[in-house]
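Residue numbers (the working numbering): 14 to 377. From the three backbone atoms N, C-alpha and C, an ideal C-beta is built for every residue, glycine too. Shown next, in structure tokens, is the structure this report addresses.
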């Protein structure tokens, strides 16, 4: 199956797209490097009316006091917790991959990561203390001047109407409940937003088309009234193509099948006059590496972060290297032979001694 993609389609990284715990700064930074044009984040409000990123209404702590598997019957609700306490907490998951415990991410950091990486801010409002939540969200949106580069969605029309009190230009999306067909009533709620979106929730069912067929009348009604259609939690390339062919123009993608033709991570090594240099990693100018050249072999060691200073992306090189050598390739410059191997903690580029630019691809 092959489908055509264009810049009008909004491909949003959903919470489960990377190796890092969901809704953490590490997750957002990694998703930004995968080529999505939008990053989805779930925002919650604390007892003292500050914003943190989490999908669930509360957190469950393990025996070590770290955030573990969510248990709705054994959880601490954000509306009962202070911001400083929440920010002090670590996630138990993915320590082996990252080499450290990720902490809870605040909303300001999430928006900043989106802006620094040129990504659309796709905000999901969770429904506690709606008026206070929306007020704080809009303060940060305006602080970073991203009002023209964000989408706000929610399962409740009340939350979206609250946003509209502050902005006439932000696209607003109502998400329908999982496995529920779309109705005209939902569309009628969204039409007054002018640039409204309905996010369908038919995936990741084995047969999402049965829900599409059950919604056909309301879908045509939405299109006739200029209501845009998005799709939540798409996991397969086939489902993506099926929905593109039916006029869906936005997706929350939960697995990095990356339908837009692009390598997950790409960096370059330049060999010139017997000297090799580390050029860049696609999507970032904050990486460096030690280079050693012996004849036709170039050893690349100690890939590291050198630039942001915020601390949230310090683990990125370790995360990438933890995936090697499972999916690794190199694109040679014209008329140059090359190969790439993984030797301990070093990448070894065999260039046959020729000058040129060598693009090394790592799929994570």
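By Cβ distance below 6 Å, which residues in the same chain neighbour residue i in space, the five residues on each side in sequence not counted?
i           : result
residue 22  : 262
residue 124 : 134, 153 and 157
residue 365 : 309 and 350
residue 208 : 184
Quick check: the Cα distance between residue i and residue j, rounded to an integer number of angstroms?
i           : j           : result
residue 198 : residue 235 : 10 Å
residue 35  : residue 54  : 9 Å
residue 221 : residue 200 : 20 Å
residue 133 : residue 41  : 12 Å
residue 391 : residue 64  : There is simply no residue 391 to check, as the chain begins at 14 and stops at 377 in what is shown.
residue 320 : residue 58  : Low local confidence applies: a pLDDT of 49 at residue 320 is under 50, so the model's placement there is unreliable, with the coordinate-based value given in what follows. Approximately 30 Å, taken between the alpha carbons.
residue 191 : residue 254 : 20 Å
residue 241 : residue 307 : 57 Å
residue 76  : residue 118 : 22 Å
residue 61  : residue 237 : 44 Å
Can you tell me whether DSSP reads residue i as helix, strand or coil?
i           : result
residue 281 : strand
residue 380 : For the chain, the structure presents residues 14 to 377; residue 380 sits outside this window and is missing.
residue 180 : coil
residue 368 : coil
residue 190 : coil
residue 359 : strand
residue 238 : coil
residue 53  : strand
residue 29  : coil
residue 163 : strand
residue 233 : helix
residue 227 : helix
Buried or exposed, going by whether 16 or more other CB atoms sit within 10 Å of the CB of residue i?
i           : result
residue 230 : exposed
residue 120 : buried
residue 28  : buried
residue 243 : buried
residue 265 : buried
residue 267 : buried
Excluding the 5 residues preceding and the 5 following residue i in the sequence, name in chain order all residues of the same chain whose CB lies nearer than 8 Å to its CB.
i           : result
residue 194 : 224, 227, 228 and 231
residue 84  : 73
residue 286 : 368
Which residues in the same chain have their Cβ closer than 7 Å to the Cβ of residue i, if we skip the five residues on either side of it in sequence?
i           : result
residue 196 : 231
residue 45  : 52, 126, 130, 132 and 296
residue 315 : 302 and 303
List, from N- to C-terminal side, the alpha helix (DSSP H) runs of 4 residues or more that fit wholly inside the region 92-126. Given a length threshold of 4 residues, each whole run of the alpha helix (DSSP H) inside the region 92-126 is given here in chain order: 96-100 and 108-111.
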